[in-house]
Amino acid sequence: MTTDLPGVADRQLFDTHAHQPTSEFLHDAGGEMMQDAADRFGTDLETWDYDEMLAEYHEAGVGGVVLLGWDAETNTGNPPVPNDYVAEVRDEYPDFFVGFGSVDPLKDDCVQEAIRCVEDLDLSGFKFQQIAQGFDPSDERHDHLWSTIEDLGVPVVFHGGNSTLGACSAGGRGLKIKYGNPMLIDDVAAAHPDLDILIAHPAFPWEKEQLAICQQKGNVYMDLSGWVPKYIDDQVLHYAGTVLKDKVMFGTDYPMIDPETWLESFARDTDFDTDVQRKILFENAQEFFDR
Ligand SMILES: [Zn+2]
478 MTTDLPGVAD
488 RQLFDTHAHQ
498 PTSEFLHDAG
508 GEMMQDAADR
518 FGTDLETWDY
528 DEMLAEYHEA
538 GVGGVVLLGW
548 DAETNTGNPP
558 VPNDYVAEVR
568 DEYPDFFVGF
578 GSVDPLKDDC
588 VQEAIRCVED
598 LDLSGFKFQQ
608 IAQGFDPSDE
618 RHDHLWSTIE
628 DLGVPVVFHG
638 GNSTLGACSA
648 GGRGLKIKYG
658 NPMLIDDVAA
668 AHPDLDILIA
678 HPAFPWEKEQ
688 LAICQQKGNV
698 YMDLSGWVPK
708 YIDDQVLHYA
718 GTVLKDKVMF
728 GTDYPMIDPE
738 TWLESFARDT
748 DFDTDVQRKI
758 LFENAQEFFD
768 R
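What follows is the structure, encoded as structure tokens:
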């Protein structure tokens, strides 16, 4: 593998956060707000297929990935990455992909769709992107959805922090970053203690709030996706190596960040002990995703 970390076997690593490198995500669901994000990350929106994606991950020593659905149709007007499509891709590469569905909390059938995702499509959890989806997770009207997912017994990934979607465009394309504040997730975690929650990304500019929630709520975890380790806040890295060492996980936000880039920076720009590296790179995820 490209990144040789002591005590870590090839393909043992697990990425908690990947999107499709295909038109379904980058062009259809992403629309103009995705072009804004790509400009910020310095990437283009070129697409490639899953064989290439798998090869890239294996080359980097990563053997498993959470592949995320996307449905922000009501708020953005863009079509979803359908849950059936996520399940189809997962079925083609069942050892590699863990499929997470997405339901649009602003749609009337979101609860039924959540049930269908788990019971019919065998998806393993749900992803919410509150800024793109334009909703406040602490709003009581979504409580039935959280109870349903809690009863289904699968975890959820919530977006944490600001978003590069719509970045630098006039009005940020109408997206509101306040919905990325992790304090809104604290309410959900308090009301649903059996719901396992992973807050994706160091939640800039609310990293301190995120660390406090992860520390206080037994059912809340976080990942380091969306940020190359070199740029992650020092306090986040400090917590990842100490009080939160059982709760912080490796994630990329593929295809915006590729595994090789992330892992090279992790090896070069952080100085965790080997036991903490193992926890971040796969052990915590094995526990959280029941792998
Ligand atoms: Zn993402």
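Whatever position you read off the sequence shown (first residue = 1), add 477 for this note's numbering. Cβ coordinates follow ideal geometry from the N, Cα and C atoms, glycine included.
query: Which listed residue (ILE662, LEU675, THR551, LYS655) has its alpha carbon closest to that of GLY602; result: LEU675
query: Collapsed DSSP secondary structure at THR751 in the structure displayed; result: helix
query: Own chain partners of SER615 with C-beta closer than 7 Å, once the 5 adjacent residues on each side are dropped; result: LEU661, ASP664, VAL665
query: Exercise answer, beta-carbon shell around ligand 1 heavy atoms below 6 Å; result: HIS494, HIS496, ASP730
query: Enclosing alpha helix (DSSP H) for ILE709 [first to last residue]; result: That residue, ILE709, is in no alpha helix (DSSP H); it is neither H nor E in DSSP.
query: CB of VAL558 within 8 Å of CB of ASP492, strictly; result: no
query: Per-residue DSSP class, three states only, for ALA744; result: helix
query: Inter-residue spacing [alpha-carbon to alpha-carbon] between ILE592 and ILE626; result: 8 Å
query: Contact the region 505 to 525 vs the region 542 to 556: 3+ CB pairs below 8 Å; result: yes
query: Runs of alpha helix (DSSP H) wholly within the region 487 to 542 (minimum 4 residues, chain order); result: 508 to 518, 527 to 536
query: Assigned secondary structure, LEU600 (DSSP; H/G/I helix, E/B strand, else coil); result: coil
query: Cβ pair count under 8 Å reaching 3, the region 485 to 499 against the region 721 to 731; result: yes
query: Whole-number beta carbon distance between ASP620 and ALA668, since they are thought to touch under 8 Å; result: 7 Å
query: Sheet register partners of ASP700 (DSSP bridge); result: MET726
query: Anticipated Cβ contact below 8 Å, ASP735 with ARG650, distance rounded; result: Between ARG650 and ASP735 the Cβ distance is about 25 Å, and since that is not below 8 Å, they are no contact.
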